[in-house]
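Structure, as structure tokens:
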Amino acid sequence: MPRPEFVYVTYIETTPEKLWQALTSSEFSRRYWFNTELQSDFKVGSPFALVMNGTTTDVGEILEADPPRRLSYTFHHVLNETARKEPPTKVVFTLEKHGNLVKLTLTHENFAAGSELLDGISRGWPAILASLKSLMETGTALTIPIAALGIEGME
Amino acid sequence: MKIDTFKPMTVYTIYIASTPEKVWEALTSAEFSRKYFFGNSVEVELKVGGAYVVRTPDGALHISGEVIECDPPKKLTFTFNVNWPALIEKLGPTLVTYEIESAGEAVRLTMTESHDRPLSDDILSGGRQGWPAILSSLKSVLETGKPLVVKMAPPQRMLAALRELGIATP
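From first to last, the protein sequence lines stand for chains D and G. To convert, note that position 93 of the first sequence is 93 in my numbering; the numbers rise steadily by one, no gaps. To convert, note that position 60 of the second sequence is 1060 in my numbering; the numbers rise steadily by one, no gaps.
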């Protein structure tokens, strides 16, 4: 039985370079990622943290940084009481040129069986990545209240 | 048709800056669907028991099905059977559900592909490759007015798995 994972693919009319910048810069992430700041220098071995409205939600370490093709980091949730006890997971972004588009694939893996974090991120990533796509294509991110995602503890 | 024996095997959720009514129209209008569905057109009779068909750009019948639930602009469930000889006999029917909900100023569209028997990841890979491209393009059409041209090779992994089962593929 393979370990549970979450995979999400979307196609974005942009360049791999611009998309890489959006995935690694707080200036962009604040707009499409529920006002989340990305704290890292994105060098292999460096610490990584997601800080939402001043509160650290997730921490990790940069595993791979191959701009503008592949970015991965460990991902350990630290806010929710149950999810913070789960072992660290791994996030991988791959950016592939696809004609005049970029195919963005997110793989979030290494979840424990029955993971509460898996349920949360399965609701979170589609909203974040759809908002990222809107920002790249129209210049405007989506306005989605985080409560609309139905994630426990994220109202 | 009884649908409670079907289990979700592929789920794809996307958020769109639009209204539920416009998303519903995009999903059910032939003219609109040609812009984002690899040039195919969706023709659907919007009532329970109505026909659901997808035609290729040259007008050939590609997918045929039947509307099971129809609750505009919130929910549409239909069978979605690719017209390849022996496919439905070997794999059973495919059921697709679109759910449309407001999420702040955006719309959440959830596509669920369900089946009434276990299927391999190889068989399911065709849908898993196609839906993100189709729905990413639909989002772009609604937000920018411009379709996304996603060029995609035929789903080789799925086609090989179908041939293995003795299903004739184009």
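From the three backbone atoms N, C-alpha and C, an ideal C-beta is built for every residue, glycine too.
Each residue's CA atom was taken as its position, placing G/Thr-1169 and D/Thr-24 some 43 Å apart. Residue pairing by DSSP puts D/Arg-70 in a beta bridge opposite D/Asp-66 and D/Thr-94.
Judged by DSSP in its simplified three-state form, G/Thr-1144 adopts helix. With respect to the 8 Å criterion, D/Val-59 and D/Glu-37 are not classified as neighbours on the basis of their beta carbons. Closer than 8 Å to the CB of G/Ile-1014 there is at least one CB belonging to chain D.
For G/Val-1044 and D/Gly-45, the gap between their C-alpha atoms comes out near 53 Å. Distances from the CA of G/Thr-1019 to each of G/Glu-1101, G/Lys-1007 and G/Leu-1159 were compared; the closest alpha carbon is that of G/Glu-1101. Not flagged as an interface residue toward chain G: D/Lys-85, since no C-beta distance is shorter than 8 Å. For the segment 76-103 of chain D, the beta-carbon criterion of a distance under 8 Å to any beta-carbon of chain G is satisfied by His-98, Gly-99, Asn-100 and Leu-101. DSSP places G/Phe-1078 in the uninterrupted beta strand (DSSP E) bounded by 1075-1079.
Nearest in C-alpha terms to G/Lys-1075, of all of G/Val-1082, G/Val-1067 and G/Asn-1081, is G/Val-1067. For G/Glu-1143, the CB contacts under 6 Å within the same chain, skipping 5 residues up- and downstream, are Ala-1017 in chain order. Interface annotation, G/Ser-1136: in contact with chain D, CB-CB separation under 8 Å. Separation of the CB atoms of G/Ala-1106 and D/Thr-143 is rounded to 6 Å, and the pair is thereby assigned contact status at 8 Å.
Contact between D/Thr-82 and D/Glu-61 does not hold, since the beta-carbon distance rounds to 23 Å and is not under 8 Å. Linking D/Phe-42 to G/Thr-1077 through their CA atoms gives a straight-line distance of about 44 Å.
For G/Ile-1063, the enclosing beta strand (DSSP E) stretches over residues 1061-1071. Using a CB distance below 9 Å, the part of the segment 1141-1169 of chain G facing chain D consists of Glu-1143, Thr-1144, Lys-1146, Leu-1148, Val-1149, Val-1150, Lys-1151 and Met-1152, ordered along the chain. In the DSSP assignment, G/Glu-1089 falls within the unbroken alpha helix (DSSP H) covering 1087-1091.
Distance check between D/Glu-86 and each of D/Met-136, D/Ala-113 and D/Thr-56 places D/Ala-113 closest, using alpha-carbon atoms only. Of all residues in the segment 1088-1113 of chain G, only Ala-1103, Gly-1104, Glu-1105 and Ala-1106 place a beta-carbon less than 7 Å from a beta-carbon of chain D.
Contact annotation, D/Leu-101 with D/Tyr-11: C-beta distance approximately 5 Å; criterion of less than 8 Å satisfied. Residue contact with chain G for D/Pro-16: absent (no Cβ-Cβ distance below 8 Å to any residue of chain G). The residue from G/Ser-1140, G/Arg-1108 and G/Leu-1061 with its alpha-carbon nearest to that of G/Phe-1080 is G/Leu-1061. Of G/Ile-1123, G/Val-1141 and G/Val-1053, the smallest CA-CA separation from G/Met-1158 is found for G/Ile-1123.
Per DSSP, reduced to three states, the secondary structure at G/Ile-1123 is helical. When CB distances to chain D are screened at a threshold of 7 Å, not a single residue of the segment 1033-1047 of chain G falls below it. Look at D/Glu-109 here: in three-state DSSP terms it is strand. At a C-beta separation below 9 Å, D/Ile-144 has these neighbours in chain G: Tyr-1015, Ala-1103, Gly-1104, Glu-1105, Ala-1106 and Arg-1108.
The DSSP-derived three-state label of D/Lys-103 is strand. An exposed status is given to G/Ser-1120, since fewer than 16 other beta-carbon atoms sit within 10 Å of its beta-carbon.
No Cβ-Cβ contact shorter than 8 Å links D/Phe-6 with D/His-76.
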